[in-house]
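Okay, so the sequence shown: first residue is 370 according to the working numbering, each after it adds one.
Taking it in order: structure first as structure tokens, then the write-up.
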Amino acid sequence: MLNIKIFGIVQGVGFRPFVSRVARANKIFGSVSNRGSYVEIFAQGSDDDLKNFLAALQTENPPRSTILKLDVNHLPDEKFSDFQIVDSVHEAGDIFVSPDIAVCEKCAAELFDPNDRRYLHPFINCTACGPRLTILKNMPYDRERTSMDEFPMCAACAEEYFNPSSRRFDAQPICCNDCGPEVYLIRNEELGIRNWEAIRHVRKILAGGGVAAIKGIGGFHLACDAKNFSAVQRLRDSKTRPSKPFAVMFKNISAVERECFLSDAEKNFLDSPQKPIVLLQKKIGGSIAVNVAPEINRLGVMLPYTPLHLLIFDFPDELKNFPDALIMTSGNPSGVPITIDDAEAEKIFDFCDAILSHDRKILLRADDSVMDFIDGRPSMIRRSRGYAPLPIFFDGAKKFSVLALGSELKNTFCLAKNNLLYASPYIGDVGDLRTVEVLEASIKRMSDLLEIVPEVIACDLHPRYRTTALAEKISAELGVELVKVQHHYAHILSCMAENNFGGEVIGVAFDGTGFGDDGTIWGGEFFICDTKTYERAAAIKSFVQAGGDKSSREGWRIALSLMKNFELARELNLADEKNLRGVQFMLEKNINCVRSTSVGRLFDAAAAILGVCKVSSYEGEAAMKLQACAERSTKIFRAEFKTSDEIFSEVLSRRLDGENIFDLAKLFHERLAEMTAGIVEELSARTKIKTVAMSGGVFQNSLLSSLTAEKLNRRGLKVLRHELIPPNDGGICLGQALNALQNFSTSGRRNFY
Ligand code: ZN
Ligand code: ZN
Ligand code: FE
């Protein structure tokens, strides 16, 4: 008899039913069980049958599963007369929690089949699809440990659940029109409108140009017709979100292709079981309203991923011409995590024409993941639903448990144990106290799920981050050590973690902001580092940021500081007289001023002098617009090394000479990439290090990232880049965790530098 242990994503993806099917097909007797961190099989049969069985396990495994390790041991035979799935037994170990999975094709077909007993059931799912992480209380993944425990299975569902030949065999969230959760409207005047009637009602509202809040898999969305300018404008005004782009959910791929360019790689991700938002190039003359993503040449696009989304687009009612593109934006008050419960929804979505909710509880929030493509490879911007909390593997990490609190903006946290680093779903900006509460609750839930009790806590170096305060609190409560990791070093470490690279690198961290070792703002950093320690080998020329928080939104302030010429700033109309004088005064008297090496701010300044964007209404706006301008230029520039301040001066003087702003936007990107490659080349010559890691929010800019990597490659350097972990602050937690793991010695004593 063989004892087989399979490690990997084998929970909640139909793995046990699959094993049972393959066993029967190969005349194997024995059993399979869920052990929490792995699946255990006892298999008895002829040598040939066992061989075939083992092969089938590894080649025919379900599409959503991933086998990371398979251990086989020989044991004496026992008396088995068939093959059984036995109840889950729980053991501690490395745990793999499945993310939520988009509705599969088979379920989608049944959803619209009038003869199916789940006809138009908004919660249809099977062993290959449906909610996972967001409904999970504890491991192992079994119905009574999910928020589906409130919905006892009807006889027909139970029959499928226990029948090995059914596609819903062992599907924990199984349900139907008779026994499943229900959708309903929650407003007073619409109370009692439930199920199909509620869906019809919301469709009518959306088709008529209204705005609706809709509860999904990981939180509420706000929705409206994406082709209806005034509906979109109403949503903008109510959310006080003047210009930050909205994501659009298209009914199907052909609707996407009508509006956007779509490569095969982009299509594969767009239509994957994770169904992320993918940033696509807009086609000219499309029908999506111009205020959906104003002045940006891209559109965040996704496909329906829950049965409810499919029903909203395609419910068989009398409504003809229902829009095939809807805004679907996270339903949250600005700066606060996505809403998951009815009471809060009713309070904050008072501007909506309807609020469609349901009674399947969301236990952990999961925003939509957002992905761009750079050089044909994915470049994650927000890693959440569909991806979190799948772990990153890092070879050779020490056997410890770590909790890393991440950064202040775009917060995610990381729980790590041994060589596995689990980054959480997206939490949000921790500037607001309500976000801190959600962060704390999410840490609690994830550590319960993954059974990780941290032995060391990691956080940012910034003394005033709320995440730092929370880390200090948790470390005091648990009586464990706290390690503070410099922000940009953590960016580089996150890139090394994602690439499973443990050697020495030259790290290039280009970022908006972050607390430096010397108390100034960093963000244009060149490090010589490994996973344990770093040296700041170079940085861009520092400049002065005047006016605190405002200086990170108002690029004209940086521009004035860099050009040191009040009359010229006035001539360029960078800001009104009063503001210009105010900042000039601060700069002269050194009031409310701080030194900075932020490349993010350099982008803001360049965008300001080119008149592309003087004040940003959302993070990264100036850089996105500058890139959009650069991509409209066809001019080729000869490579020339200049320092960052020389680059700014060149752009400024050519602008004063009246050169085209699209060309100058391109020149700015080109020069910055050349400067980076030049500095790295010099550092490489000095240190003999041939590997470069690029990270930091600025590298979300696909033009800069692509140009820089190309120039580095041409110099014979190996470039590590991000793909599925964001280069922005959403990836920081991984770097902090890696540093703590690497520096915690096995004797339990601290070994930090
Ligand atoms: Zn399915
Ligand atoms: Zn049922
Ligand atoms: Fe950062």
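C-beta: ideal position from N, C-alpha, C; glycine also.
Asp-1098: CB within 8 Å of a non-hydrogen atom of ligand 3: Here the distance from the Cβ of Asp-1098 to the nearest heavy atom of ligand 3 is below 8 Å.
At 4 residues or longer, and completely inside the stretch 496 to 563: list those alpha helix (DSSP H) runs for me, N to C. 524 to 531
Element boundaries [beta strand (DSSP E), containing Ser-415]: That residue, Ser-415, is in no beta strand (DSSP E); it is neither H nor E in DSSP.
Say the cut is 8 Å; is the CB of Ile-1101 nearer than that to a heavy atom of ligand 3? yes
Round the Cβ separation of Asn-666 and Lys-651 to the nearest angstrom and send it over; I've been treating them as touching at under 8 Å. 6 Å
Taking the alpha carbon of Ser-535 as the reference point, which residue from Asp-511, Met-508 and Ala-497 has its own alpha carbon closest? Ala-497
Contact check, Ile-361 vs Met-697, beta carbons under 9 Å: The displayed coordinates of the chain run from 370 to 1122. Any statement about residue 361 would go beyond what the structure contains.
Throw me the rounded Cβ distance for the Ala-1109 and Ala-827 pair, which I believe falls under 8 Å. That pair is a contact at about 4 Å.
Tell me which residues share the same chain as Gly-1099 and place their Cβ nearer than 7 Å to its Cβ, disregarding the 5 neighbours each side in the sequence. Arg-751, Arg-752, Lys-779, Thr-781 and Tyr-795
Ser-776 CB to nearest heavy atom of ligand 3 below 8 Å: yes
Suppose only complete runs of 4+ residues qualify. What are the alpha helix (DSSP H) ranges in the stretch 974 to 1055, listed by chain order? For the stretch 974 to 1055, whole alpha helix (DSSP H) runs of length 4 or above, ordered along the chain, are 990 to 999 and 1013 to 1025.
If you run the structure through DSSP and keep just helix, strand and coil, what is Cys-476? helix
Residue environment, Glu-867, which counts as buried when at least 16 other CB atoms sit within 10 Å: buried
Per-residue DSSP class, three states only, for Leu-1107: helix
Gln-602 (DSSP reduced to helix, strand or coil): helix
Note the first and the last residue of the continuous alpha helix (DSSP H) segment covering Pro-747. Note, Pro-747: premise wrong, no alpha helix (DSSP H); beta strand (DSSP E) at 746 to 751.
So Leu-695 is in the beta strand (DSSP E); what residue range does that whole segment cover? 694 to 699
Could you pull the start and end residues of the alpha helix (DSSP H) that Arg-835 belongs to? 835 to 847
Validate contact between the stretch 976 to 989 and the stretch 644 to 661 using beta carbons, cut 8 Å, 3 pairs: no
Any contact between the stretch 1073 to 1089 and the stretch 1034 to 1050? By contact I mean 3 or more CB pairs, one from each, below 8 Å. yes
Test item: CB-CB of Pro-676 and Ile-960 under 9 Å: no
State the start and end residues of the unbroken alpha helix (DSSP H) segment that holds Thr-1077. 1071 to 1083
Local Cβ density within 10 Å of Leu-802, reported as buried at 16 or more and exposed below that: The residue in question, Leu-802, is exposed, as its Cβ has fewer than 16 Cβ neighbours within 10 Å.
Can you list, in chain order, every residue whose CB sits closer than 6 Å to a heavy atom of ligand 2? Met-522, Cys-523, Ala-525, Cys-526, Cys-544, Cys-545, Asp-547 and Cys-548
Answer with buried or exposed for Phe-1006, where buried requires no fewer than 16 other C-beta atoms within 10 angstroms of its C-beta. exposed
So is Gln-602 buried or exposed if we call it buried at 16+ other beta carbons inside 10 Å? exposed
Rounded to whole angstroms, what is the Cα-Cα separation between Ser-863 and Asp-446? 47 Å
Is Phe-387 helix, strand or coil by DSSP? helix
Tell me the DSSP bridge mates of Lys-651? Cys-629
Are the Cβ atoms of Lys-730 and Glu-519 separated by less than 9 Å? yes
Gly-588 burial status per 10 Å Cβ neighbour count (16 or more: buried): buried
Can Gly-893 and Ser-816 be called in contact, C-beta distance under 9 Å? no
Please state whether DSSP places Pro-1127 in a helix, a strand or coil. No answer is possible for residue 1127: the residues shown for the chain start at 370 and end at 1122.
Can we count Asn-494 as close to ligand 1, meaning its CB is less than 8 Å from some heavy atom? yes
If you run the structure through DSSP and keep just helix, strand and coil, what is Phe-895? strand
Name the two residues that bound the continuous alpha helix (DSSP H) containing Gln-855. Careful: Gln-855 lies outside any alpha helix (DSSP H) and carries neither H nor E.
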